[in-house]
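The numbering of the sequence shown is the working numbering, which starts it at 4 and goes up by one. We treat Cβ as the ideally placed atom computed from N, Cα and C, and that holds for glycine. This structure is a prediction, so every number in the text was calculated from the model and none was measured. Inspection log for the structure reproduced underneath, given as structure tokens.
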Amino acid sequence: MSSLEQHLSVYSQAMNLRTQRHQVLASNIANADTPNYKARDFSFDKAMQNAMSGRGNGSIALATTASGHQQGSGMTGAAALQFRTETQSAADGNTVDMDVERSQIAENALQYQIVSQFISDKFKGIRSALANTSS
Numbered sequence: 004m005s006s007l008e009q010h011l012s013v014y015s016q017a018m019n020l021r022t023q024r025h026q027v028l029a030s031n032i033a034n035a036d037t038p039n040y041k042a043r044d045f046s047f048d049k050a051m052q053n054a055m056s057g058r059g060n061g062s063i064a065l066a067t068t069a070s071g072h073q074q075g076s077g078m079t080g081a082a083a084l085q086f087r088t089e090t091q092s093a094a095d096g097n098t099v100d101m102d103v104e105r106s107q108i109a110e111n112a113l114q115y116q117i118v119s120q121f122i123s124d125k126f127k128g129i130r131s132a133l134a135n136t137s138s
């Protein structure tokens with residue numbers, strides 16, 4: 004059964020990281036018109052390696068730019084947020100490229116769906132095996 008536990012752990016980590024990445028990409032899209040906003044992202048591959056080896060980078064602190072902002076811990080886990088390489092120059096200093104964000108969010112959603120299907124298939128196999136052993 005440890006094999007099942009290992010598979011589910013991998014799938015769980017992948018879904019968690021895909022969810023975190025979706026939130027980061029959605030934040031980029033939401034801030035497309037915010038002056039001086041810098042688009043952020045993280046390497047899913049590196050984050051998955053960190054998650055599976057038990058190396059997290061701790062908490063990713065939220066930036067507070069005014070005294071009235073609430074303190075928050077942000078996301079935790081193996082994903083290290085980085086600023087995305089600028090692909091277009093905006094007069095207001097914003098680095099969000101909507102074409103890049105749309106393609107990244109679509110690719111991330113597809114990868115999330117694939118992992119979800121893997122989990123579903125794994126449980127279908129288990130149900131099938133249990134049904135065959137009980138008959």
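- Listed in chain order, the non-local C-beta contacts of Gln-9 below 7 Å within the same chain number zero, local neighbours out to five positions each way being set aside.
- Rounded to the nearest angstrom, the Cβ distance from Lys-41 to Thr-88 is 11 Å, too far for a contact under 8 Å.
- Contact between the segment 118-133 and the segment 41-52 is absent, with fewer than three C-beta pairs closer than 8 Å.
- Apart from the 5 residues on each side of it in sequence, Gln-91 sits with its Cβ closer than 8 Å to the Cβ of Thr-98, Asp-100 in its chain, given in chain order.
- In this structure Glu-110 is exposed. Its beta-carbon is surrounded by fewer than 16 other beta-carbon atoms within 10 angstroms.
- By alpha-carbon distance to Leu-28, the top candidate from Pro-38, Gly-71, Leu-84 is Leu-84.
- Apart from sequence neighbours up to five positions away, the residues of its chain that approach Phe-47 with a beta-carbon distance below 7 Å are Leu-20, Arg-24, ordered along the chain.
- Exclusion of the five residues before and after Gln-107 leaves Leu-28 as the residues of its chain whose Cβ lies within less than 6 Å of its Cβ.
- By the neighbour-count criterion, in which 16 or more other beta carbons inside 10 Å mark a residue as buried, Phe-45 falls on the buried side.
- With respect to the 8 Å criterion, Asp-102 and Asn-39 are not classified as neighbours on the basis of their beta carbons.
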